[in-house]
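All remarks here apply to the structure that follows.
Numbering (UniProt numbering), first residue to last: 1 to 354.
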């Protein structure tokens, strides 16, 4: 599989490196995972690497959408060891060399390469440093295969498959979010269905599977899974512990029905107990002392994903924004939330934004 290599320029790479890696300290020796862990701990947002961005060049209208994925490896200025990357986004027998990133003609110590990768894909990769295969010391995402081998992982915009959460966790999460977002009233559900089916045929073909794969609203469950896989991986433990607690509490509350099939009243009752600090039967407070905090975390994630930019897996087809546009209008029925100027065609009206 041929991989298109692009050159966004040293400035593009340095803008990310100086912002996120400047305080990371000296790079670890290749293959030293303990040193890599300490190195990564000094990076505030290590999940931003590899950089998943946009291809700025004009592409044919019928070209499939892609992300510009930039792999960055940190060495020291003047380090002559060859660095390359290989992964499932290309052919595993053809490493792609990284080149020095320069500033005013001087070696910065960073090595980088940018490639086009189709959107909605997940890939595994490793670096080849001086003939030795190593994990990415910056990116914390890992995938352990059935053969026991571990690879670094990344995914592009709009990836639909669950990465972190298990099916039973996704089902309970979907039901919990019912009580947080405004999309479950009859009027709201009718609006969302009208909005999706109002798209043209090509738009429906692209957007409908994203919206309805994991839920019937705007893809927030899928987006939360992606948040926990990358941006907010430090909160995965909260979900792992609390979803088990919630499953157990619901079973004590109603032992005759599977939790994800329980009526809304059971979830509302549990939700109110969590919000008001009432003791919850079946909740292990030794494992997680503050159910209210998890509810706060869940609310933040639900609202963020439902109304964030559509590229982040939630707010599919900008349906969340369209709901706000419809919901908030002045006396003349002119919307108070004109989001379309912030999106490119066909969903938006901006000729510049992408």
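C-beta: ideal position from N, C-alpha, C; glycine also.
Check	Outcome
Rounded to whole angstroms, what's the CA-CA distance from residue 226 to residue 252? Just pull it up for me.	30 Å
Which residues in the same chain as residue 30 place their Cβ atom closer than 6 Å to its Cβ, once the five residues preceding and following it in sequence are excluded?	129, 132, 134
Based on Cα-Cα distance, which residue from 321, 156, 260 lies nearest to residue 170?	260
Between the C-alpha atoms of residue 98 and residue 231, what's the straight-line distance to the nearest angstrom?	25 Å
Over what stretch of residues does the beta strand (DSSP E) that includes residue 339 continue unbroken?	Counting along the chain, residue 339 falls outside any beta strand (DSSP E), and DSSP gives it neither H nor E.
Does the distance from the CB of residue 77 to the CB of residue 107 come in under 8 Å?	yes
Where in the stretch 207-288 do unbroken runs of the beta strand (DSSP E), each at least 3 residues long, occur, reported from the N-terminal end onward?	none
Looking at C-beta atoms only, is the number of pairs between the stretch 135-155 and the stretch 270-285 that lie closer than 8 Å three or more?	no
In three-state DSSP terms, what is residue 191?	Interpretation of residue 191 is limited by its pLDDT of 48, a score under 50 that renders its predicted location unreliable; the figure taken from the coordinates is listed afterwards. Of the three classes helix, strand and coil, the one that applies to residue 191 here is helix, per DSSP.
Measuring only the C-alpha atoms, how far is residue 321 from residue 329?	13 Å
Does residue 309 come out as helix, strand or coil in the three-state DSSP assignment?	coil
Can you give me the C-alpha to C-alpha distance between residue 74 and residue 324, rounded to a whole angstrom?	43 Å
Quick check on DSSP: helix, strand or coil for residue 13?	helix
Should the stretch 13-29 be called in touch with the stretch 37-51, which here means at least 3 C-beta pairs below 8 Å?	yes
What does a CB cutoff of less than 6 Å around residue 115 pick up in its chain, not counting 5 residues either side in sequence?	3, 5, 69
Does DSSP put residue 354 in a helix, a strand or coil?	Any answer about residue 354 is weak, because its pLDDT of 49 lies below 50 and its placement is not dependable; what the coordinates show is given next. Residue 354 falls in the coil class under three-state DSSP.
Would you call residue 9 buried or exposed, if buried means 16 or more other Cβ atoms sit within 10 Å of its Cβ?	exposed
CA-CA distance, residue 124 and residue 168?	26 Å
Assign residue 249 to one of two classes, buried (16 or more other C-beta atoms within 10 Å of its C-beta) or exposed (fewer than that).	buried
So residue 246 and residue 172 are supposed to be a Cβ contact under 8 Å. How far apart are they, rounded?	6 Å
If you draw a straight line from the alpha carbon of residue 274 to that of residue 118, how long is it in whole angstroms?	41 Å
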